[in-house]
Structures are given as C-alpha cells and as structure tokens.
Amino acid sequence: MRTLFHRWAGWATKNNARHYPIDFSKPWWMVYAPHIGKILVVCLSMTIFQSLDSLFPIILGWAIERQSIGFLILCMTPYFAEEIFSWFVTRPLFTRLYSQVQGSFRFSAYEFFLSVDPIFHARRASGITIGKVRRTSDAFFYFTKTALDDFYPFVVVMITTMIMLFLSSPLLGAVVGVIFVVLGLIVALITTRVTFALEQTYNKEDDRLNKIGVEIINRASFMRTVFASDTVRGKLERRSLGLIGAEGIFFMSHRLMRGVLVFFYLLCILVVSSLLIYLINNGVFTKVYALSLLVLVLRSTKFVLKLDGYVASVVSAYRKIIDFYAYAHTYGKQTFPVFKTDRYAGVENNATCQTEDISIVLDHVTVAYLEGEPLLYDISSYISIARHEPNKLFGVIGPSGIGKTTLLSVLGGQLRPVGGRVLVNGCDLYQLNDSQRQHLVALQGQTSINLLGSLRYNLLFGLPSSVAIEDAYLIELLQTVGLWHLFESEKGLQTFVGEGGTTLSGGQRQRLNFVNLYLRAKHFKPSVILIDEPTSSLDEVSEQRITQMISELAHDSLTLVIAHRIKTLDGANKILDFCLINETKELVFHTRQELERLSPHYRQLASGLVVQEE
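Quick note: the sequence shown uses our numbering, first residue 466, plus one each step.
Laid out in structure tokens, this is it:
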C-alpha cells in the first residue's frame, strides 16, 4: 500500500521541480502569472465539486421522496466522476502550484540578495532579512492555500446555497443573504482595521528577535570573548518577552473575533430554522424538503465558522508579502551584471578579454559609498606590462583611510564607480558578469571570512564543482602556509570550520583564504590578482611563505598588493604611494628609486620609522 501511494505521489508531482523567476520590481501578484492555467483548471474543478457538494442534501431528498435506488445511483455518478478527476488533475495541479510558488519565491529572494551590489549588504541585519524571507515564503503558501483551497470554495458554496434558497423561497433567500453580508462585513472590518496594527507590532518583535538570534549564532565566540553573555542574554530575554506579549495580543484578537462570529452564526441558524417552521406550517414546504434545506444551510455555513480564519490568513499573508516587497525595494540594487543570464551585460559571454599585454586603466573614476561623500574623486591611473615579463608584482602603500582598500574593491568588481570607467585588458569590468570576471580578476579582500563547512569546502569555494584536486596537493599547500598541523589531528580536510571562521584565529583565517585565492588563481589564470593586506596578523615565518607564493602568482598575473609591511613588496616591479596623488588626480606607480626621491612616507616605511597601518 505504501509503495502504491509513493508511486502515485511521484507520478502526480512529475516534472514538478521548476523555478519561475520573480521580479520584485513588479507587483506581487505577478508571481501567479505563470500559473494562470493551473489556477483556472483548479477553480473550474472546485466550482463543480463544491456546487455538487452543496446540493447533495437536496439531491438526496429528491431521491428519498422518489424512493428510487436507480435515481439515487444516477445522482451519485457525477460525484464519483469529479472525485476521480481530482485524483489525476486537480490535486496534482494544487501540489505543483503550492510548491512552485513557494519554491520560486525562496529561490528568487536569495538570488536577489546575491545579485545586489555588495556595498548594500553592510547596512542590513541578516537576521531581519532571513526572518522576512521565511515569513513571506510561508505567506505565499498560506495565501495560495487559503484563497484557492478555502476561501474560493466558501464563495462557491455560499453562492450555490443562496441561489437554491432564493429559488425555494425569495423571502428565505433574502433573509439569509442579509445576515451573511452583515456577518462578512463585520469580519472584514475587524480583520483589516483592528488587527492590522497588532500584526505590525508582532512582525517587528519577530524581526528583533531574529536579529539578536542570528547575532548570537554568528558571533557567539566573540560575545564570550568579551564576557558579554549576561548582557546579550538580557537583550535576548527582552526581545523574547516582547514577542510573546505581541503574539499573545495578536492571537487573542482573533479569538475574540471568533466569538463575535459564532454569536452571529447562531443567530443565523435561529432565524433560518424559525422561518422554515413558518413555511412548513403554511404548507409552502414539505417536512422532507424543509429538512433538506436546513441540512443544506448547515453544511454550507460550516465554512462561516472558519470565515474569520480565512480572512485573517489571506490578509495576514498579503501584509507579509507587501512588507517583503517594500523591504526589497529599499534594500539595495544591482547596478552591474552578475549572472550569465543578466541581459544588460555589455560584453559577450564568450569574451575572455585576453590581450598580449596586461593592462589596468582607471578613467576619471569617482567612487562613493551609497549617498556619502566621494572617497575617490576623478582619479585616473594606467598600468601595463607584457605577459612574458617574469615579475608582474605591483604594490600599494599609504596611510590608513586614504582609499587603498576602496581602490581594490573598485578594481575587483565589488564597488561600481559613480563616474568614469574601469578597464582591464580593454574590457569594461562593470560590463562583465561574474563568470567572465573570474577569468579576468581574482580578489582577496582585507577581511578574512570563512564559510560554514569543511576545510575542503572552504579551500575549494569558488571553483567549479567539476574540478578535482588531489588531497595531497591541498595538504601540501596547507603545510606551506603552516596550517596543516591544526587539522591533521582532527578530521583532516573534512574538519569542520565554523561559520565566520570562529574556530580559527585571524591570521589562520587569512592564510586559509589566501590558499583559496591561490587555488582560484591557478585554475582560472586571471590577468589580474588583487590582494589586500596579505601578511597582516601573520607571524614572520608565515609572512615569508605567503610572500613567496605571491611572487609565484606574480609570474603569471599582474599582482597588485596592498601591504602594511614594506618588505612584503621587496620584489615589487613598481609601487603606488597614495600620498603622491597630484593635482591631476593621477595614481602613478613608481620604482623604488623614484619613491626614495619623491615620497617621505615611503622613506619612513623603508627606514622602519613608521609602520603601515593595518
């Protein structure tokens, strides 16, 4: 039996796994546009079934009055036919609709956040974002289910019932109709007016609790390090109590609304029963027919007791959906191509931007974070070197906060300039998608970030899944940077690395990230490699090993390194000192001899009088 059900379920959901992309700049109801065919078939089937189901007491009464089994079987035939139809059509379509709408939303939501420019993520709390995605995903499910599986059948049943009552007795139909209209207006008024503010408060408290919860999960080690456990626990307790209070008030309002609904429902049954007795006494209805009408009303109005739940579920889901769309509209935007499917990429997908010489051009570039003052204004620079040159290492120095990291973010395809162009090998970097950029540029940022997963997963992240790298080679690299001894006694390459690299020190995370960069550079062979503070937080031995590996990378790629220790750049071809930006806003790379003559900052670094800020 179980195998049979599994096979039937598998057949019913065949070809179910499919995404329908969602554009959050369009109205929310466009989510259902690709599913119109399914919705129409489901509604048609539901209309037939619910109409027949509502009339069942009347049809059964006719069969009893005729005292004919043949007529009864004839009357029951449409019910069996519709039920069999639902097994093979309606229910499979329902299942696909639920799963595809909910699954497509989750996929599109996370895809949207992935595509938004990196700069926008810094001003949002991940806990709030995750909470909104979860709530809205559930909201689409409940909106779809309640609207099609509950509310629409309720409407069909009520219309069928009212038509039957009007045909039987205009007086009876009018009285019941007025009662139900008044009842519906009361429920709608309470739901839309009274509970709106309560639900908003509940959602805000839920966001606050999600925020502190994600902070605890992501930063528990740091919180324990600074001995802030009681402080964080107190904050967690306040947020939790706030949610409990808001949740209690919100759900109690629905309980009270249910009480109002039950009162009016009992009043309706009293009026209908009294009116039927009156019509029987006046010879309008037989007792059997009157009883059939009463059963019709009772069966139909069973939905009325759930009307508050239907309305509340639909309205609540709608509010959550609208809230997410408003959040997405203000979260941030995508200003340059990311995926292969992005249509506004200015360079063909098969373009490699490989030239005989490697070149970087900054053409009157202005950079600003969001709506702030420009960090770099109208700057220009030009670097070019032949691929066959054995040393393509270039350095960047300058005081903290002068714009070095911003420069690498711009060159690394992370921060689009508000003015000017960034060209690598003649290709506009911000007209390429990520798949093209990874063959052109490799970047290791200043902040060391590790992903939740195994050591191997962290090492190979960013490489195609089809790439096979021998364990021995990975172990050799880890030994080179002095990390293997940390994992050898654990589970080796399968050792779990905590989210954010919390199981590693800052220097260890940095070395792990550098190995990842090294592997990506060896696989994709980019023209340009960008490394921000590669030896900060490292001991002298690790620094020397990393420096040697950087020299190896610089043999094949133009490698631009921001270094806080000048000896990291001992083999540099040329060095850019941000302190020497002249009035023309040109960033010029100089030889060491030129820097000795032009740059007091370089002379101080070289003599050890000052240390480059990390």
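Built from N, CA and C at the ideal position, the CB exists for glycine as well.
Here GLU1051 is bridged, per DSSP, to SER845. Within the segment 974 to 1017, the complete beta strand (DSSP E) runs of at least 3 residues fall at 993 to 997. Straight through space, the alpha carbons of PHE661 and VAL1026 are spaced by roughly 55 Å. Counted as a single uninterrupted DSSP element, the beta strand (DSSP E) harbouring HIS829 occupies residues 822 to 833.
Pairing VAL749 with LEU637, the inter-Cα distance amounts to about 12 Å. Scanning VAL697, ALA498, SER970 for the CA closest to the CA of ASP1004 turns up SER970. Note on geometry: alpha-carbon atoms of ILE862 and GLN901 lie some 29 Å from one another. The beta carbon of THR871 lies closer than 8 Å to those of VAL832, LEU840, LEU841, LEU880 in the same chain, with the five residues before and after it left out.
Residue environment for ASP1035: exposed (fewer than 16 other C-beta atoms within 10 angstroms of its C-beta).
In this chain, GLN909 is not harboured by any alpha helix (DSSP H); it is covered by the beta strand (DSSP E) spanning 906 to 909. Each residue's CA atom was taken as its position, placing LEU731 and LEU654 some 20 Å apart. Runs of the alpha helix (DSSP H) spanning 4 or more residues and lying entirely within the segment 936 to 960 occur at 936 to 945, 949 to 953, in chain order. Between the alpha carbons of SER705 and LEU674 lies a gap of roughly 6 Å. Look at VAL581 here: in three-state DSSP terms it is coil, with no helix or strand label.
C-alpha of ARG985 to C-alpha of GLN903: approximately 8 Å in a straight line.
Boundaries cannot be given for VAL496, as no alpha helix (DSSP H) includes it and DSSP labels it neither H nor E. Nearest to THR666 by C-alpha distance, out of SER781, PHE572, GLY774, is SER781.
Within the model, the alpha-carbon separation for ARG1057 versus GLY891 is close to 28 Å. In its chain, beyond the 5 residues on either side, LYS752, ALA755 have a beta carbon closer than 7 Å to the beta carbon of ILE745.
CA-CA distance, PRO802 to GLN515, rounds to 50 Å.
Ranked by how close their Cα comes to the Cα of LEU650, the residues VAL776, PHE1043, TYR544, ARG1010 have VAL776 in first place. For PHE859, the enclosing beta strand (DSSP E) stretches over residues 858 to 862. The way I'd put it, the segment 637 to 648 doesn't touch the segment 531 to 538; fewer than three beta-carbon pairs between them come closer than 8 Å.
In terms of Cα proximity to TYR847, the closest of ILE644, VAL507, ILE825 is ILE825. Straight-line spacing of the CA atoms in SER1064 and SER1072 works out to 12 Å. Secondary structure at CYS508: helix, using DSSP grouped into helix, strand and coil. In the DSSP assignment, LEU1023 falls within the beta strand (DSSP E) that extends over 1023 to 1027. A buried status is given to ASN668, since no fewer than 16 other beta-carbon atoms sit within 10 Å of its beta-carbon.
Straight through space, the alpha carbons of LEU701 and TYR792 are spaced by roughly 24 Å.
In the DSSP annotation of this structure, the continuous segment of the beta strand (DSSP E) that includes GLY884 starts and ends at 884 to 889. Around the beta carbon of GLN973, 16 or more other beta carbons lie within 10 angstroms, which makes this residue buried. Setting aside the 5 residues that flank it on each side, LEU1052 is surrounded in the same chain by LEU827, ILE844, SER845, SER846, LEU872, LEU1041, PHE1043, ILE1046, each with a C-beta closer than 8 Å to its C-beta; the list follows chain order. Taking a contact to require three or more Cβ pairs closer than 8 Å, the segment 540 to 548 and the segment 568 to 581 do not qualify as touching. Comparing alpha-carbon positions, the option among TRP949, LEU995, GLN799 lying closest to LEU920 turns out to be TRP949. Per DSSP, reduced to three states, the secondary structure at PRO635 is helical.
Counting other Cβ atoms within 10 Å of its Cβ, ASP997 reaches 16 or more and is therefore classed as buried.
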